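Undergrad: Okay, so the sequence shown: first residue is 1 according to UniProt numbering, each after it adds one. First the structure, then my questions, so here it is.
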Amino acid sequence: MSSSSSSSTVPKQQPSWANSLVSGASAGLAVDIGLYPVDTIKTRIQSRQGFWATGGFRGVYSGVGAAALGSAPAASLFFLTYEQSKSRLPLKEGSFLLHGCSAALAECVACAARVPSDILKQNRQAGQFGTYREVVSHIYRNFGVGGFFTGYLATLAREIPFGFIEFPIWEKLKAYLARMQGREQVTPFGGAICGAIAGGIAAAVTTPLDVVKTRSMLSIKATETGSAPFLKTMMDIVRTEGPRALTKGMLPRVIQVSSGGIIFFGIYGWASEMTKAMGL
């Protein structure tokens with residue numbers, strides 16, 4: 001989170017709106033672009049057609065433009081909502097519930113910006129369309145504007161539990177590390193390491209939800225009626241492929257999220273210092 005320029009630690013005061021927006025955008029863009037190949041591999045593993053049929057290791061940056069388009073606003077909205085919620089929700093300060101609920105609310109807002117770009121990105125990653133124009137044309141022709149939000153509920157079903165697990169663990173790990181180091185608060189680098197651990201745990205636990213979300217978004221190509229409901233998609237996967245199919249892509253997902261935690265929280269802390277020094 002934000003860092004004090006005088007002590008290089010995370011301050012207790014709530015970051016400004018501008019600080020949250022700029023820092024969140026910087027962090028989101030850095031992690032999504034930097035780890036994009038891992039995300040592509042995970043998407044292809046989770047697709048119904050399988051890893052090799054959807055491209056294998058070829059074209060791992062396919063769809064990166066859509067990722068860049070959605071990552072900055074989504075991360076900005078997430079941190080803005082998260083920081084504001086922590087100070088406004090009528091819950092005990094520093095509690096697991098406060099951090100979990102704040103993260104859940106932040107995900108609801110951020111997903112509105114993330115889902116349309118994710119649909120474009122994942123359909124390109126899976127090789128279902130050759131160009132963005134083909135994806136956009138197919139979605140709009142068959143589903144209208146609402147088609148660009150296909151999988152929104154499935155995404156929330158993954159992101160809300162993920163955020164509810166990750167951020168309270170992250171906050172608790174930071175507090176524990178600060179006590180171990182005899183500091184009032186951790187450094188930005190320490191916060192980044194805590195974020196990597198918390199993210200890895202949350203990523204592993206929510207992999208089944210991620211599989212369902214991916215299938216929901218990829219189904220836009222195969223149907224003219226939109227994606228199936230979340231629970232139906234999950235049951236269809238279990239029935240046709242077995243329960244183990246819900247763990248597909250767990251390793252690359254954990255690697256992606258854990259590595260991303262270091263980049264994401266590290267860049268967020270650095271960007272917070274820079275924007276704060278600029279008076280934002």
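Ideal Cβ positions, reconstructed from N, Cα and C, are used throughout, including at glycine. Keep in mind it's a predicted model, so treat the numbers as computed, not measured.
Alpha carbon to alpha carbon, what distance is there between G190 and L173?
TA: Position 173 of the sequence shown, counting from 1, holds the residue named residue 173. Position 190 of the sequence shown, counting from 1, holds the residue named residue 190. One C-alpha to the other measures close to 9 Å.
Undergrad: If you reduce the DSSP assignment to three classes, tell me which class L280 lands in.
TA: Position 280 of the sequence shown, counted from the start, is the residue given in the question as residue 280. L280: coil per DSSP, three-state reduction.
Undergrad: Sort I262, G63, K121, S26 by Cα distance to Y77 and report the nearest one.
TA: Position 77 of the sequence shown holds residue 77. Sequence inspection shows Leu at residue 77; the Tyr mentioned does not correspond to that position. Closest option to L77, Cα to Cα, is S26.
Undergrad: Which residue wins for smallest C-alpha separation from I263, given the options A67, W17, A30?
TA: The residue labelled residue 263 in the question sits at position 263 within the sequence shown. Of the candidates A67, W17, A30, the one whose C-alpha sits nearest the C-alpha of I263 is A30.
Undergrad: Among L69, T207, A126, K86, which has the Cα closest to the Cα of T43?
TA: Counting from one through the sequence shown, the residue named residue 43 turns up at place 43. Answer by Cα proximity: A126.
Undergrad: Which first and last residues belong to the alpha helix (DSSP H) in which Q46 is found?
TA: Taking the first residue of the sequence shown as 1, we reach residue 46 at position 46. Taken as a continuous stretch (DSSP letters only), the alpha helix (DSSP H) holding Q46 covers 36 to 46.
Undergrad: For the alpha helix (DSSP H) that K86 lies in, which residues bound it at each end?
TA: Mapped onto the sequence shown, residue 86 falls at position 86. Here the alpha helix (DSSP H) through K86 covers 64 to 88.
Undergrad: Helix, strand or coil for T9 per DSSP?
TA: Position 9 of the sequence shown, counting from 1, holds the residue named residue 9. Reliability fails at T9, whose pLDDT of 38 lies under 50, so the model's placement of it is uncertain and the value that follows must be treated cautiously. Looking at T9 - three-state DSSP - the assignment turns out to be coil, as it is neither helix nor strand.
Undergrad: Measuring CB to CB, does H138 end up less than 9 Å from F129?
TA: Position 138 of the sequence shown holds residue 138. Position 129 of the sequence shown holds residue 129. Yes.
Undergrad: Which whole-angstrom value is the C-beta distance of S23 and Y268, which I expect to be below 8 Å?
TA: Here residue 23 refers to the residue found at position 23 when the sequence shown is read from its first residue. Here residue 268 refers to the residue found at position 268 when the sequence shown is read from its first residue. Indeed they touch by this definition, with Cβ atoms about 5 Å apart.
Undergrad: Assign F57 to buried or exposed, taking buried as 16 or more other Cβ atoms, counted over all protein chains shown, within 10 Å of its Cβ.
TA: On the sequence shown, residue 57 is found 57 positions in, with the first residue counted as 1. The residue in question, F57, is exposed, as its Cβ has fewer than 16 Cβ neighbours within 10 Å.
Undergrad: What's the gap between the Cα of W52 and the Cα of D39?
TA: Counting from one through the sequence shown, the residue named residue 52 turns up at place 52. Counting from one through the sequence shown, the residue named residue 39 turns up at place 39. Looking at the two C-alpha atoms, the distance is approximately 15 Å.
Undergrad: So is residue 288 buried or exposed if we call it buried at 16+ other beta carbons inside 10 Å?
TA: Past the boundaries of the shown model lies residue 288; the chain is included only from 1 to 280, so the question cannot be answered.
Undergrad: Can you give me the C-alpha to C-alpha distance between M278 and A75, rounded to a whole angstrom?
TA: Along the sequence shown, read from residue 1 onward, the residue named residue 278 stands at position 278. Along the sequence shown, read from residue 1 onward, the residue named residue 75 stands at position 75. Cα to Cα, the separation comes out at about 21 Å.
Undergrad: With distances taken Cα to Cα, identify the nearest neighbour of T214 among G242, V205, G249.
TA: Counted from its first residue, the sequence shown places residue 214 at position 214. Residue G249 is the option with its Cα nearest to T214.
Undergrad: Please report how far the alpha carbon of G63 lies from the alpha carbon of R183, in whole angstroms.
TA: As a first step, residue 63 must be located in the sequence shown, where it is residue number 63. As a first step, residue 183 must be located in the sequence shown, where it is residue number 183. Using only the alpha carbons, I get a separation of about 43 Å.
Undergrad: Output the distance between the C-alpha atoms of F265 and A203, rounded to the nearest integer angstrom.
TA: The residue you call residue 265 lines up with position 265 of the sequence shown. The residue you call residue 203 lines up with position 203 of the sequence shown. Approximately 16 Å, taken between the alpha carbons.
Undergrad: If the criterion is Cβ atoms closer than 9 Å, does the pair L80 and A112 meet it?
TA: On the sequence shown, residue 80 is found 80 positions in, with the first residue counted as 1. On the sequence shown, residue 112 is found 112 positions in, with the first residue counted as 1. Their beta carbons are not under 9 Å apart, which means L80 does not touch A112 by this criterion.
Undergrad: Does DSSP put A27 in a helix, in a strand, or in coil?
TA: Translated into the one-based positions of the sequence shown, residue 27 becomes position 27. Three-state DSSP puts A27 in a helix.
Undergrad: Could you give the distance in angstroms between the alpha-carbon of G59 and the alpha-carbon of K92?
TA: Taking the first residue of the sequence shown as 1, we reach residue 59 at position 59. Taking the first residue of the sequence shown as 1, we reach residue 92 at position 92. About 48 Å.
Undergrad: Using the Cα positions of L120 and M180, report the straight-line distance between them to the nearest angstrom.
TA: The count along the sequence shown starts at 1 and reaches residue 120 at position 120. The count along the sequence shown starts at 1 and reaches residue 180 at position 180. Cα to Cα, the separation comes out at about 45 Å.
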